[in-house]
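Everything on this sheet refers to the single structure shown next.
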Amino acid sequence: MAGSLAPLTLRDKTAIVTGASSGLGLVTARELARRGARVALVCRNPDKAEQARAYIEQVIGPEAKLDILLCDLSLIANVRALADDIKSRYDKVDILVNNAGIMPGQFTLTSEGHELSWATNHLAPFALTNLLLPLMLEAKQARIITVASDTYRLGQIEFSQEARNAPDKYSSLTAYCDSKLANILFTNELSHRLELTGITANCLHPGMVNTGLINPNSSLLMKALWWIAKPFMISPERGARTSIYLAASPDVASISGKYFKGSKVTTPSAAAQNRLDATRLWRISEEETGISA
Numbered sequence: 001m002a003g004s005l006a007p008l009t010l011r012d013k014t015a016i017v018t019g020a021s022s023g024l025g026l027v028t029a030r031e032l033a034r035r036g037a038r039v040a041l042v043c044r045n046p047d048k049a050e051q052a053r054a055y056i057e058q059v060i061g062p063e064a065k066l067d068i069l070l071c072d073l074s075l076i077a078n079v080r081a082l083a084d085d086i087k088s089r090y091d092k093v094d095i096l097v098n099n100a101g102i103m104p105g106q107f108t109l110t111s112e113g114h115e116l117s118w119a120t121n122h123l124a125p126f127a128l129t130n131l132l133l134p135l136m137l138e139a140k141q142a143r144i145i146t147v148a149s150d151t152y153r154l155g156q157i158e159f160s161q162e163a164r165n166a167p168d169k170y171s172s173l174t175a176y177c178d179s180k181l182a183n184i185l186f187t188n189e190l191s192h193r194l195e196l197t198g199i200t201a202n203c204l205h206p207g208m209v210n211t212g213l214i215n216p217n218s219s220l221l222m223k224a225l226w227w228i229a230k231p232f233m234i235s236p237e238r239g240a241r242t243s244i245y246l247a248a249s250p251d252v253a254s255i256s257g258k259y260f261k262g263s264k265v266t267t268p269s270a271a272a273q274n275r276l277d278a279t280r281l282w283r284i285s286e287e288e289t290g291i292s293a
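Residue 241 in the UniProt record's numbering is what sits at position 241 of the sequence shown, and the numbering runs on without skipping anything.
Pasting the structure below:
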């Protein structure tokens, strides 16, 4: 893997990792804690959160500095409450890893009226990032890392919430790919808005990772595709390397607005670099979250 991981100590740093109870998030949280950061494990399930903390403490030892923050990120009201909790606990945030992601097995609207994958995979990172910016401005050279996916190439942004919420046209894979394209456009626009602040924003493709993205409610087609691809998948240990690199390596301290694969900058598609779409997406994200940034 390109770049260095070990040299940068994260002592006295505060890191927030969403989706930290398993998979990429758990490995990322463990490695940031290993480097000395105080790590907030943002998890939905309290039992899995406690298991994650116990695992990290077992690996690293009693010196691990860990906090559990429970949140169902599919609801913006919950994200607001999470941000308030973070603000009450910490005087700064040095690292934010927007890692949590889902691929619902069937069409689902949240109680706030958003398609579930759009709400969790895009609106939640948009909201949490913007709500935590004041704390990140308090840190020196804070970093925002968002886990996207090369599946964005199969996606397109549906700017109409009504169209996004149409169950007769729903595909779990399409909705997921659309949200991953949104992750990249969001990161691009965010990096422009953060110029001269000292905060960097980057996103990444972790690889085709064997995680719990497919669940019992997934369609037969998705389950079949998953099993076909499974022999070629990589472990969360390997998949998390780029997230850890972007959070901890001195090599990328001043790099922002980029898309990484294998810890290397990669040029995404023209659609993922469309500034007009990025600006429009930002505007509708403000409208749908009620957060002006």
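Every residue, glycine too, gets a C-beta built ideally from N, C-alpha and C. This structure is a prediction, so every number in the text was calculated from the model and none was measured.
- The alpha-carbon separation between Ala119 and Ala64 amounts to approximately 32 Å.
- Of all alpha-carbon atoms in Thr174, Arg153, His192, the one lying nearest the alpha-carbon of Ala163 is that of Thr174.
- In the displayed model, Tyr176 falls within a helix according to three-state DSSP.
- For Pro268, the CB contacts under 7 Å within the same chain, skipping 5 residues up- and downstream, are Ile184, Tyr259 in chain order.
- Distances from the CA of Glu57 to each of Ile76, Ser74, Ala77, Gly36 were compared; the closest alpha carbon is that of Gly36.
- Using a Cβ distance threshold of 8 Å, Leu128 and His114 do not count as a contacting pair.
- As the crow flies, the alpha-carbon of Lys140 is around 26 Å from that of Lys261.
- Rounded to whole angstroms, the gap between the alpha carbons of Asn202 and Glu189 is 11 Å.
- Judged by DSSP in its simplified three-state form, Leu137 adopts helix.
- Short of 6 Å from the beta carbon of Ser256, and not among the five residues preceding or following it, lie these beta carbons of its own chain, in chain order: Ser191, Thr200, Ala201.
- Exclusion of the five residues before and after Ala166 leaves no residue of its chain whose Cβ lies closer than 7 Å to its Cβ.
- DSSP lists Lys261 as the beta-bridge partner residues of His205.
- Of the candidates Val147, Asp67, Thr28, Ser179, the residue whose Cα lies closest to the Cα of Leu204 is Val147.
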